[in-house]
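Trainee: The sequence shown: position 281 = 281 (our numbering), numbered continuously.
In this text, a Cβ means the ideal position worked out from N, Cα and C, and glycines have one as well.
The model shown is predicted, which means the values in this text are computed figures rather than measured ones.
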Amino acid sequence: MLKILKTGARFVVLSFAGQSAYQNQQVIQYYVNHQLLAETDKVIVYLDGLKPETSYQLEAVCEQKVLAAVGFQTQYESITLDVKDFMARGDGGTNDTGFIQAAILACPPKGRVLISKGIYKISPLFLKSDINLEIEAGAVLMADNDWRNFPVLPGYTESYDEKDFYNLCNWEGNPLNCYASLITGLNVQNVTIYGQGEINGNASINDWWDPGIKYREPFRPRMIFLNECRNIDIMGVSIYNSPSWTIHPYRSHKIDIMGITIVNPHDSPNTDGIDPESCKDMNIFGVFFDLGDDCIAIKSSKIFMANKKYMPTSDIRIEHCYMKNGHGAVTIGSEIAAGCHHIYVRHCIFENTDRGLRIKTRRGRGSKSIIDQIYFEDILMIGVKTAFVANCFYFCDPDGKSDYVQNQDAMPKDERTPGIHYLEFKNITCRDTRVCAAYLHGLPENPIQQVMFDNVLIEMSASGQPDYPAMMLNIEKMKQNHAVFKNIDVLTLKNFQVLNSKNEMRMERIGQVQ
Numbered sequence: 001m002l003k004i005l006k007t008g009a010r011f012v013v014l015s016f017a018g019q020s021a022y023q024n025q026q027v028i029q030y031y032v033n034h035q036l037l038a039e040t041d042k043v044i045v046y047l048d049g050l051k052p053e054t055s056y057q058l059e060a061v062c063e064q065k066v067l068a069a070v071g072f073q074t075q076y077e078s079i080t081l082d083v084k085d086f087m088a089r090g091d092g093g094t095n096d097t098g099f100i101q102a103a104i105l106a107c108p109p110k111g112r113v114l115i116s117k118g119i120y121k122i123s124p125l126f127l128k129s130d131i132n133l134e135i136e137a138g139a140v141l142m143a144d145n146d147w148r149n150f151p152v153l154p155g156y157t158e159s160y161d162e163k164d165f166y167n168l169c170n171w172e173g174n175p176l177n178c179y180a181s182l183i184t185g186l187n188v189q190n191v192t193i194y195g196q197g198e199i200n201g202n203a204s205i206n207d208w209w210d211p212g213i214k215y216r217e218p219f220r221p222r223m224i225f226l227n228e229c230r231n232i233d234i235m236g237v238s239i240y241n242s243p244s245w246t247i248h249p250y251r252s253h254k255i256d257i258m259g260i261t262i263v264n265p266h267d268s269p270n271t272d273g274i275d276p277e278s279c280k281d282m283n284i285f286g287v288f289f290d291l292g293d294d295c296i297a298i299k300s301s302k303i304f305m306a307n308k309k310y311m312p313t314s315d316i317r318i319e320h321c322y323m324k325n326g327h328g329a330v331t332i333g334s335e336i337a338a339g340c341h342h343i344y345v346r347h348c349i350f351e352n353t354d355r356g357l358r359i360k361t362r363r364g365r366g367s368k369s370i371i372d373q374i375y376f377e378d379i380l381m382i383g384v385k386t387a388f389v390a391n392c393f394y395f396c397d398p399d400g401k402s403d404y405v406q407n408q409d410a411m412p413k414d415e416r417t418p419g420i421h422y423l424e425f426k427n428i429t430c431r432d433t434r435v436c437a438a439y440l441h442g443l444p445e446n447p448i449q450q451v452m453f454d455n456v457l458i459e460m461s462a463s464g465q466p467d468y469p470a471m472m473l474n475i476e477k478m479k480q481n482h483a484v485f486k487n488i489d490v491l492t493l494k495n496f497q498v499l500n501s502k503n504e505m506r507m508e509r510i511g512q513v514q
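Printed below as a string of structure tokens:
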């Protein structure tokens, strides 16, 4: 039940759970070498204030009874550089970017750059390899909201021999110019960002979210952008008010994000929580999301990048997370031209999102865009409008409403045709589901190959207003609707129950029902 997930020089992340999702039924006290460090009901727990290269005994205690204990040792740290020793003010008014950047550049391998208590007004900071960045409790990295103080990263710079190009950033799947992100990592490795402090993008309708700014080039920055990075940990911190996507790992491997909080206003545009794009081997554990767009959106670029630098997203594990108020809790797409596979979502809670699982793809994503081996297990959904959506007619991009994308008759299957292979949903309860139990609509020329529902209960509710279950044309608004399945080769319904719906299940062009 008690498991150490990650140790740093000054922190530990642990998991304490049986079959719990985001919270345990009781508050647990955590003692480290007999000192109380935390009292919480969370399953994933971040603890800091530890010393480097020190052995510790961790005990989980409830009602004066030791429930479990485990030993661990913290990692080596070479030195600490406090940014205030580099003349950072932390007064909320002075722009401290240069002083903090100097500390980062001066830090030796395995060293710690300490953002001590204070409010630090900053423009983008650039990481380097083999350092630890601690944002301690009471410290705030506050973005300068003047875009004129943000450098621009070129999305596409042609190589000297004109055979390749240098891709520093991208916007929604294409190599387009963007403002540098508040924390930017380019080809770095072995970096940890941790602490109980705050990163605040300071975005508002008066700057990054202004309609005249949000869709023009250079495009908006992220909060944290990691391009071609490896072995990056983000632990404990709280992140608010992102200009666009909050954390965007891009073409990166071995990224762990644990015990953090992401909050953006519900009406803020494109402020997704975590968007892994063409990434491999990633853990997202114990994250709390409350925002206005997709909580987690798994991507792998549009067709230009898929053809030039093919890299699918794979081996993503999402566990013990709480996702509130987004468009989709866990979304796949729509920029999914290189495909994705082996995505595991377990022990999570989705609350008041428009959709639970949300797959959004379309003709034109290409034949490399294969979505396969997607697993959802032990999930609780509360107040989700439509629990399961797989939409192969998503009306994104300038041509998204064209006849080629939206025609529901079979089109030629060719190099432009995407596919969905295997989806599995097991041990899932959905309460207060308002629009549609499930809406899975494959392409007629390339049906979804196999979908399995095993022990899934969906309770429909009369609350709420009629709405569209998926963003596509030629679809009616629904309310309290049973499941709709179209263009699927093999559909397995094992103990699949929908209660209180206004109508019956609807199936069209299903090859085999088990």
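Enumerated in chain order, which unbroken segments of the beta strand (DSSP E) with a length of 3 residues or greater are wholly contained in the stretch 79–146?
Mentor: The qualifying runs are 80–82, 91–95, 111–115, 118–122, 131–135, 139–143.
Trainee: Restricting to Cα atoms, I'd like to know which of 347, 384, 219 is closest to residue 22.
Mentor: Ranking 347, 384, 219 by Cα distance to residue 22 puts 347 first.
Trainee: For residue 332, count neighbouring C-beta atoms within 10 Å of its own C-beta (all shown protein chains included) and say buried if the count is 16 or more, exposed if not.
Mentor: Buried, because 16 or more other Cβ atoms sit within 10 Å of the Cβ of residue 332.
Trainee: Across the stretch 71–82 and the stretch 212–232, are there enough close Cβ pairs to call them in contact, namely three or more that are closer than 8 Å?
Mentor: Flag = no, the stretch 71–82 and the stretch 212–232 do not touch.
Trainee: Once the 5 residues before and after residue 108 are set aside, which same chain residues still bring their CB inside 7 Å of it?
Mentor: If we look at residue 108 and ignore the five residues flanking it on each side, its Cβ neighbours are 78, 79.
Trainee: Check whether the Cβ atoms of residue 312 and residue 365 sit closer than 7 Å, and answer yes or no.
Mentor: Contact flag unset, no.
Trainee: Alpha carbon to alpha carbon, how far is residue 66 from residue 237? Give it in angstroms, no decimals.
Mentor: Looking at the two C-alpha atoms, the distance is approximately 28 Å.
Trainee: Report yes or no: do the stretch 278–285 and the stretch 16–31 share at least 3 C-beta pairs separated by less than 8 Å?
Mentor: The stretch 278–285 is not in contact with the stretch 16–31.
Trainee: Determine the contact status of residue 197 and residue 135, defining contact as a CB-CB distance below 7 Å.
Mentor: Going by C-beta atoms, residue 197 is nearer than 7 Å to residue 135.
Trainee: Give, in chain order, every unbroken run of the alpha helix (DSSP H) that is at least 4 residues long and sits entirely within the stretch 152–212.
Mentor: Qualifying alpha helix (DSSP H) stretches: none in this window.
Trainee: Tell me the rounded alpha-carbon separation between residue 474 and residue 298.
Mentor: Answer to the nearest angstrom: the Cα atoms are 26 Å apart.
Trainee: Would residue 375 and residue 349 be called neighbours here (beta carbons separated by less than 7 Å)?
Mentor: Result no, Cβ atoms of residue 375 and residue 349 do not sit closer than 7 Å.
Trainee: Can you name the start and end residues of the alpha helix (DSSP H) that residue 308 belongs to?
Mentor: Residues 303–308.
Trainee: So, for residue 395: in the same chain, excluding its five sequence neighbours on each side, which residues have a beta-carbon less than 8 Å away from its beta-carbon?
Mentor: So the qualifying residues of the chain are 362, 401, 405, 406, 471, 472, 473.
Trainee: Leaving out the 5 sequence neighbours to the left and right, which residues in its chain are closer than 6 Å to residue 377 when beta-carbon positions are compared?
Mentor: Excluding sequence neighbours, residue 377 sits near 346, 426, 427.
Trainee: Helix, strand or coil: how does DSSP classify residue 325 here?
Mentor: Coil.
Trainee: Just confirm the distance between the C-beta atoms of residue 356 and residue 329, as a whole number of angstroms; I'd bet it's less than 8 Å.
Mentor: With a Cβ gap of about 5 Å, residue 356 and residue 329 count as contacting.
Trainee: Go ahead and pull the three-state DSSP assignment for residue 404.
Mentor: Here residue 404 sits in helix by DSSP.
Trainee: Rounding to the nearest angstrom, what Cα-Cα distance links residue 179 and residue 172 in this structure?
Mentor: Roughly 14 Å separates the two Cα atoms.
Trainee: For residue 101, count the other beta carbons within 10 Å of its own beta carbon; 16 or more makes it buried, fewer makes it exposed. Which is it?
Mentor: Result: buried.
Trainee: Less than 7 Å between C-beta atoms, sequence neighbours within five positions excluded: which residues of the same chain meet that for residue 156?
Mentor: Counting only Cβ-Cβ distances below 7 Å, and skipping sequence neighbours, we find 165, 167, 175.
Trainee: Using the Cα positions of residue 459 and residue 468, report the straight-line distance between them to the nearest angstrom.
Mentor: About 18 Å.
Trainee: List the endpoints of the continuous beta strand (DSSP E) containing residue 433.
Mentor: 422–433 is the extent of the beta strand (DSSP E) around residue 433.
Trainee: Between the C-alpha atoms of residue 260 and residue 205, what's the straight-line distance to the nearest angstrom?
Mentor: Their backbone Cα atoms lie some 25 Å apart in a straight line.
Trainee: Going by the beta-carbon positions, is the gap between residue 183 and residue 125 smaller than 7 Å?
Mentor: In this structure, residue 125 lies closer than 7 Å to residue 183 by Cβ.
Trainee: Since residue 249 sits in a beta bridge, which residues does DSSP pair it with?
Mentor: According to DSSP, residue 249 bridges with 226.
Trainee: Pull up the distance between the alpha-carbon of residue 123 and that of residue 301, whole angstroms please.
Mentor: Those two C-alpha atoms are separated by around 27 Å.
Trainee: Over the uninterrupted beta strand (DSSP E) stretch that includes residue 460, give me the two end residues.
Mentor: First-last of the beta strand (DSSP E) with residue 460: 448–460.
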